[in-house]
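Take the sequence shown: its letter number 50 is residue 50 in the UniProt record's numbering, and every next letter is one higher.
A quick write-up on the structure given underneath.
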Amino acid sequence: MSDKLTKGPVTPSKEMLELLKDWVAPDVSEVKKATVVGKTNFMGMSIEDMYKKKQVVVDEEEEEVKPLTAEEIEQIRQDAYQEGFEQGKQEGIEAGHAEGLEQGHQEGLKAGHEEGFAAGQEEGKQHVEEVVARWQSLTDQLYNPIERIESAVEQQLLNLSVMLAESVLRTELKSNKDSLLAALHESVAALPFNTEFAEIHMHPDDLELLKEEYDDEALAEQKWILKPEPNYKPGDVIVATPNSLIDRTVKQRIEQTIDEYVREAELNKETNTGPSISEGDEGQSS
């Protein structure tokens, strides 16, 4: 490189750039500013510009290290307090949530246990009551067989009595029209007073017996309309109107008589007196 400085611009080489990394610009005070105006260094760079750049860096460093004001310190303190407050609040919420969750779990577990225990106790109580009821029924069956047998025998005897009475009564009715007419008169008497007409439903043989007592003129006067019923049994009488139906079949009359007898027998049993058939019952049975 030439010892003389050139006035033209110089393009630095790699070696020069390496040297410039460790090179420090000279300290130029206010007194020397005038002497460096318009001058360049050995690389052709303006010394005045270098001084200005260094001064800017120094000013920035001075600005960076200047002390904090009271307002800035207070703001920093407030920011730190707020940050700590938010952090503490969040941690408190999380801790409270965890505690509440655990407490709720324990309370729910306790309530579920109590509810399950109560339900199980009630179910067990019902089961015990059902078992006791079944055992009571079995005990009654073991210790009261005679009572059940007596009741069954009584019912069978009653049914047999009804069958025998019905058979005897039908045999009597075939030869005794007075009983048939009595049943008819009882049925008609049970009708409302203002009945316009009545249909008399009877077995054809019974209707022939009825016609022996009532001719066509008498039937018209009574407002009776005869209806033969081949499916009826001898002695059956049914009187029908538009608003009424009187059933005086043999079976119904016997059942009514038996029911009255049974009621009287039960009443007499309570008063320790034997049952007796009333005169009215004898009349209906005949």
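From the three backbone atoms N, C-alpha and C, an ideal C-beta is built for every residue, glycine too.
(request) Count the other CB atoms, across all protein chains shown, that sit within 10 Å of the CB of S278; report buried if there are 16 or more and exposed otherwise. (result) As a first step, residue 278 is located in the sequence shown; it is residue number 278 there, counting from the start. Note on S278: pLDDT 47, under 50, position unreliable in the model; no value is reported.
(request) Pick out whichever of V250, F197 and E130 has its Cα sitting closest to the Cα of K227. (result) Along the sequence shown, read from residue 1 onward, the residue named residue 227 stands at position 227. Among V250, F197 and E130, the Cα nearest to that of K227 is on F197.
(request) For V132, count neighbouring C-beta atoms within 10 Å of its own C-beta (all shown protein chains included) and say buried if the count is 16 or more, exposed if not. (result) Translated into the one-based positions of the sequence shown, residue 132 becomes position 132. Exposed is the call here.
(message) Can you tell me where the alpha helix (DSSP H) holding A189 begins and where it ends?
(response) Position 189 of the sequence shown holds residue 189. Unbroken alpha helix (DSSP H) run through A189: K177 to A189.
(request) Might you give, ordered along the chain, the residues of its own chain that have their beta carbon closer than 8 Å to the beta carbon of L138, omitting 5 neighbours on each side? (result) As a working mapping, residue 138 is identified with position 138 in the sequence shown. If we look at L138 and ignore the five residues flanking it on each side, it has no Cβ neighbours.
(message) Could you give the first and the last residue of the continuous alpha helix (DSSP H) run that contains L68?
(response) As a first step, residue 68 is located in the sequence shown; it is residue number 68 there, counting from the start. Boundaries for L68: no alpha helix (DSSP H) harbours it, and the DSSP string shows neither H nor E there.
(request) Could you spell out where the beta strand (DSSP E) holding D247 opens and where it closes? (result) Here residue 247 corresponds to residue number 247 of the sequence shown, with the count starting at 1. Unbroken beta strand (DSSP E) run through D247: L245 to D247.
(message) Please classify V31 as buried or exposed, where buried requires at least 16 other C-beta atoms within 10 Å of its C-beta.
(response) The sequence position of residue 31 within the sequence shown is 31, counting from 1. In this prediction, V31 scores a pLDDT of 47, lower than 50, which makes its location untrustworthy; the coordinate-derived value is nonetheless stated afterwards. V31 comes out exposed.
(request) Identify the continuous beta strand (DSSP E) that holds E199 and give its terminal residues. (result) Numbered from 1 along the sequence shown, position 199 holds the residue referred to as residue 199. Counting along the chain, the beta strand (DSSP E) containing E199 begins and ends at A198 to M202.
(message) Rounding to the nearest angstrom, what Cα-Cα distance links I225 and H185 in this structure?
(response) Taking the sequence shown and counting its residues from 1, the one referred to as residue 225 is at position 225. Taking the sequence shown and counting its residues from 1, the one referred to as residue 185 is at position 185. So the two alpha carbons sit approximately 15 Å from each other.
(request) Just the C-alpha distance for Q252 and L180, rounded to the nearest angstrom, thanks. (result) If you number the sequence shown from 1, residue 252 lands on position 252. If you number the sequence shown from 1, residue 180 lands on position 180. Approximately 14 Å, taken between the alpha carbons.
(request) Counting only the same chain and skipping the five closest in sequence on each side, list residues whose C-beta sits under 6 Å from that of A240. (result) On the sequence shown, position 240 is the one that residue 240 refers to. E199.
(request) Report the option in N231, A190 and D236 whose CA atom is closest to the CA atom of N243. (result) Within the sequence shown, the letter at position 243 stands for residue 243. The shortest Cα separation from N243 among N231, A190 and D236 belongs to A190.
(request) Using alpha carbons as the reference points, say which of E217, E208 and V262 lies closest to E229. (result) Counting from one through the sequence shown, the residue named residue 229 turns up at place 229. Selected option, being the one with the closest Cα: E208.
(message) Suppose contacts are defined by Cβ-Cβ distances below 9 Å. Is H203 in contact with G235 by that definition?
(response) Taking the first residue of the sequence shown as position 1, residue 203 is located at position 203. Taking the first residue of the sequence shown as position 1, residue 235 is located at position 235. Cβ atoms of H203 and G235: closer than 9 Å.
(request) Alpha carbon to alpha carbon, how far is A265 from T271? Give it in angstroms, no decimals. (result) Looking up residue 271 in the sequence shown gives position 271. Looking up residue 265 in the sequence shown gives position 265. Cα-Cα distance, rounded: 10 Å.
(message) Tell me the DSSP secondary structure of K223 in three-state form.
(response) Stepping through the sequence shown from its first residue, residue 223 is reached at position 223. Coil, per DSSP.
(request) Can you grab the Cα-Cα spacing for the pair E213 / D206, in whole Å? (result) Counting from 1 along the sequence shown, the entry for residue 213 is found at position 213. Counting from 1 along the sequence shown, the entry for residue 206 is found at position 206. Whole-angstrom Cα-Cα distance: 11 Å.
(request) Could you spell out where the alpha helix (DSSP H) holding N268 opens and where it closes? (result) Position 268 of the sequence shown, counting from 1, holds the residue named residue 268. N268 -> alpha helix (DSSP H) spans V250 to E270.
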